[in-house]
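For the protein sequence lines, the chains are C and A, in the order given. Position 85, counted from 1, in the first sequence is what my numbering calls 369; the numbers after and before it change by one each time, with no gaps. Position 94, counted from 1, in the second sequence is what my numbering calls 378; the numbers after and before it change by one each time, with no gaps. The beta-carbon is built from N, C-alpha and C at its ideal position, and this holds for glycine as well. Quick caveat, the model's predicted, so the values are computed rather than measured.
There are 2 protein chains.
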Amino acid sequence: MERIAIIGVGSVEYGDHRTVPCRTLGAQAVIRALEDAKISWDRIDCAYVGYGITGLLDGQEGMIGQLALREVGITGIPITRVENACSSSSCAVRESAIAIRAGESEIALAFGVEKMLGYSTEDAMRALAGDGDVPLESNIGLTFPGVFAIAAQTHMREFGTPREALAAVAEKAHANASLNPHAHLRNPITRDEALNGRIVADPLTIYDCCPISDGASAVVLASERIAKSHPGPVVWLDACVLATGTYDSISMTSFEATRRASQQAYECAGIGPNDIDIAEVHDCFTIAEIMHTEDLGFFEKGDGGFATLRGDTQINGKKPINASGGLKAKGHPVGATGAGQLVEVTKQLRREAGERQVEGAKTALTHCMGGFFAQDCGSIVINVVSR
Amino acid sequence: MERIAIIGVGSVEYGDHRTVPCRTLGAQAVIRALEDAKISWDRIDCAYVGYGITGLLDGQEGMIGQLALREVGITGIPITRVENACSSSSCAVRESAIAIRAGESEIALAFGVEKMLGYSTEDAMRALAGDGDVPLESNIGLTFPGVFAIAAQTHMREFGTPREALAAVAEKAHANASLNPHAHLRNPITRDEALNGRIVADPLTIYDCCPISDGASAVVLASERIAKSHPGPVVWLDACVLATGTYDSISMTSFEATRRASQQAYECAGIGPNDIDIAEVHDCFTIAEIMHTEDLGFFEKGDGGFATLRGDTQINGKKPINASGGLKAKGHPVGATGAGQLVEVTKQLRREAGERQVEGAKTALTHCMGGFFAQDCGSIVINVVSR
């Protein structure tokens, strides 16, 4: 099968961009990715854009991809929005890779953008709830923090996961984000601060929850033919898998779709979880990182929290997780998150991650989750990327 | 290049489904398409769903594809929403074809769904405006009927198109829809009624505008390998092109993106406009059908209105256009429209179109437009399908 390369990546800083239109924020990330790839805008022959809930907030439901790319000078080519809640731009990357493999494109652009700040918390939460099952979940009071609080309680009860492990995830996330100039929450916090934060949904405090962020990230993908003669650094997309829940094995402490998608991704890349040097994992809540790192095969089931307490997931640990700061502290501009994970691991594999560089990283995994409050979720996208 | 086949199609009746959830409406179309293909739900290995503005109306922005397919029994597989305003499910079909060509899928499902009724006209119009350029178009008062009224005025002035030609498009649309049990507006109208309807935006009357409809349509696509051993009837997707506007040649009487996309589609299929026996064309307003049929190369520029008056576009005419009734009378449930066009031409090519059957049709074209009020629009998808 033809190999797909990532030849350029770019992000805007995640944070508060309330005075910048969504289209312009997206364009800024695209321009940075094109500069990174050292190619002109007119080399892009196909584009996919991922965004989720922006339309519910400002009314601009369609055409953000076309409007953003017009600002860059890119017009006329196929431009398609893909949406899968929080994994929207992961899916944009996947469609780009598929289009290249099908011969529809030689150099494809995938980008994600979301603007969530500048609205009331109520409006932002209502918009986010649009990615759950509205009549059967959000309308009857099941919120994202609520369901992850249940997951945390269950995980603590079933596996004896200490409450402190959640705080250790948060402490690590803020520490890593403090080394990331693109992160939203760059303030280091202590474990005690995390433990004693304002309760959102017991046991989760404000420090266990990712922030509401604006942001945009972009990835330039190319065919093997283009990549082989590309003058700049190249990393390879060895696997790009999308799976959805089956509802067969509902669990409050495990994501069956993460397990299945990761098995497919490892098989596709010809590796196993032990071969992954670094991973960006969908830590919308601290407990989510613990559960997903278990389901990805990095740790035994029930050991994710203890592994965090042992320091295994730190930048200098055995299995560095979310060196970027993750959704938890880098930020979670919904539609941008998946592409942003690939920006981070590409920089890590290219030894360009500055103070948060993981030494010797050759193979990386990104994991993004979209939709549904229920555990057996709407979409899991897993990429394996290597030097 | 591998050929892609359509092995099954299905639609719900377009019209008023306000008591049926969006997911269920989508599921009903999918079940009909699977029955038509005579395959079990577990043969589907990949799905794309197109919808546009439903989230702006009922808050369910994400996961409609997953929720709909769960009702059918389809879980676990890759399910991705693609959105490109009114061409959303055309793009779902395109992504399905690309996935098959890339080897990601053998049997892919593309479906579109939209629910627009049961809301105030103001709310529905505001949601539709989300597919234009919100700050620069809709917020300053440029509505879809308004811009197409300007187009009609300009076309009448530049080419001498009689006002009666618009009414003739509407008369034909209603006549065709009266023969289509899946159409929303099945009442025949006279040309005089169309001419003397209530003015929406001069010269367009209520009869020049497509209705607000609920609906869902689905298409099952398969690889050439699967299609060759498929027991049921098969039609072939010879071209599937997506183009976006370039802003280079703004015109009030021509869609440059339609011209460019159709040239690419004809080239890909190895044919010309004269080889097209029937076409479903994006007639959101009567003037749009006239303009697009010119831009598709069916008629000389400026002759589209006169061709309609000559009867060329009728079911028994030289170039039957919108035998289904079109968006104008079959209805325009935004996200379902593109897939619905393929349902119609597939039935026509299979000689299953009943009273509206176009005799001897062997090659068909579908044309779908998405986004923007400005002429040089957001997305044009053109399919060429043959027996």
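*chain C contact for residue 361/A (CB, 9 Å cutoff)*: yes
*Consult DSSP for residue 392/A and reduce its assignment to one of helix, strand or coil.*
strand
*Kindly indicate which three-state DSSP category residue 629/A falls into: helix, strand or coil?*
helix
*At 9 Å on the CB atoms, spell out the chain C contacts of residue 527/A, in chain order.*
360, 361 and 362
*Relative to chain C, which residues along the segment 324-352 of chain A have a C-beta separation below 8 Å, given in chain order?*
336, 337, 339, 340, 342, 343, 344, 345, 346, 347, 350 and 351
_Runs of beta strand (DSSP E) wholly within the segment 509-581 of chain A (minimum 3 residues, chain order)_ = 519-527 and 562-564
_Check whether residue 323/A and residue 391/A have beta carbons under 9 Å apart_ = yes
*Please compile the residues from chain A whose C-beta is within a distance smaller than 9 Å of the C-beta of residue 654/C.*
346 and 347
*State the DSSP-derived secondary structure class of residue 420/A, mapped to helix, strand or coil.*
coil
*What number of angstroms, rounded off, separates the C-alpha of residue 518/A from the C-alpha of residue 505/A?*
Approximately 10 Å between the Cα atoms of the pair.
_Let me confirm a value: residue 564/C is counted as buried when at least 16 other C-beta atoms fall within 10 Å, else exposed. Which label applies?_
buried
*Is it buried or exposed for residue 612/A, if we count other Cβ within 10 angstroms and need 16 for buried?*
buried
_Nearest neighbour of residue 469/C, chosen from 455/C, 479/C and 482/C [CA to CA]_ = 455/C
*Using 10 angstroms around the beta-carbon of residue 368/A, count the other beta-carbons present and answer buried if the total reaches 16, otherwise exposed.*
buried
*Scan the segment 402-421 of chain A for residues whose Cβ lies nearer than 8 Å to a Cβ of chain C and list them as they occur along the chain.*
Residues passing the 8 Å Cβ filter: 410, 411, 413, 414, 415, 416, 417, 418 and 419.
*Whose C-alpha, out of 492/A, 529/A and 525/A, is nearest the C-alpha of residue 430/A?*
492/A
*Which two residues bound the contiguous beta strand (DSSP E) that contains residue 499/C?*
499-507
_Whole angstroms are fine: how far does the CA of residue 354/A sit from the CA of residue 306/A?_
13 Å
_Does the CB of residue 386/A have a neighbour CB from chain C at under 9 Å?_
yes
*Let me know the secondary structure DSSP gives residue 648/C once reduced to three states.*
Here DSSP, grouped into helix, strand and coil, assigns residue 648/C to strand.
*Residues, ordered as in the chain, of the segment 441-460 of chain C that lie near chain A by beta-carbon distance below 8 Å*: Within the segment 441-460 of chain C, no residue qualifies.
_For chain C, check one thing: does any of its Cβ atoms lie closer than 9 Å to the Cβ of residue 662/A?_
Chain C, which has a Cβ nearer than 9 Å to the Cβ of residue 662/A, makes this yes.
*Do residue 372/A and residue 336/A have their C-beta atoms closer together than 9 Å?*
yes
*In three-state terms, what does DSSP make of residue 654/A?*
DSSP, reduced to helix, strand and coil, places residue 654/A within a strand of the structure shown.
*Chain-ordered chain A contacts of residue 635/C [CB-CB under 7 Å]*: Result: empty, since nearest Cβ-Cβ is about 32 Å, beyond 7 Å.
_Considering Cα atoms alone, identify which of 501/C, 309/C and 529/C is closest to residue 539/C._
529/C
*How many Å lie between residue 433/C and residue 445/C at the Cα?*
13 Å
_Comparing C-alpha positions only, which one of 399/C, 383/C and 532/C sits nearest to residue 501/C?_
It is 399/C whose Cα lies nearest to the Cα of residue 501/C.
_Short-range partners of chain A found in the segment 558-575 of chain C, where Cβ spacing is below 8 Å_ = none
_I want to verify the contact list: residues of chain A whose CB lies under 7 Å from the CB of residue 530/C, in sequence order._
Against chain A, the beta carbon of residue 530/C has neighbours under 7 Å at 359 and 360, listed in chain order.
*Taking only the alpha-carbon atoms, compute the straight-line gap between residue 682/C and residue 499/C and give it to the nearest angstrom.*
Nothing can be reported for residue 682/C: it is not among the residues displayed for chain C, which extend from 285 to 671.
*Start-end ranges of the beta strand (DSSP E) lying completely within the segment 359-417 of chain C, minimum 3 residues*: 363-367 and 391-398
*Per-residue contacts from residue 302/A into chain C (C-beta, under 9 Å)*: Here the premise fails: no neighbours, minimum Cβ distance about 14 Å.
*Consider the Cβ of residue 375/A: report whether some Cβ of chain C lies at a distance smaller than 9 Å.*
yes
*How do the segment 645-654 of chain C and the segment 586-599 of chain A stand: do at least 3 beta-carbon pairs fall below 8 Å, yes or no?*
no
*Flag this pair as yes or no: are the beta carbons of residue 570/C and residue 442/C separated by less than 9 Å?*
no
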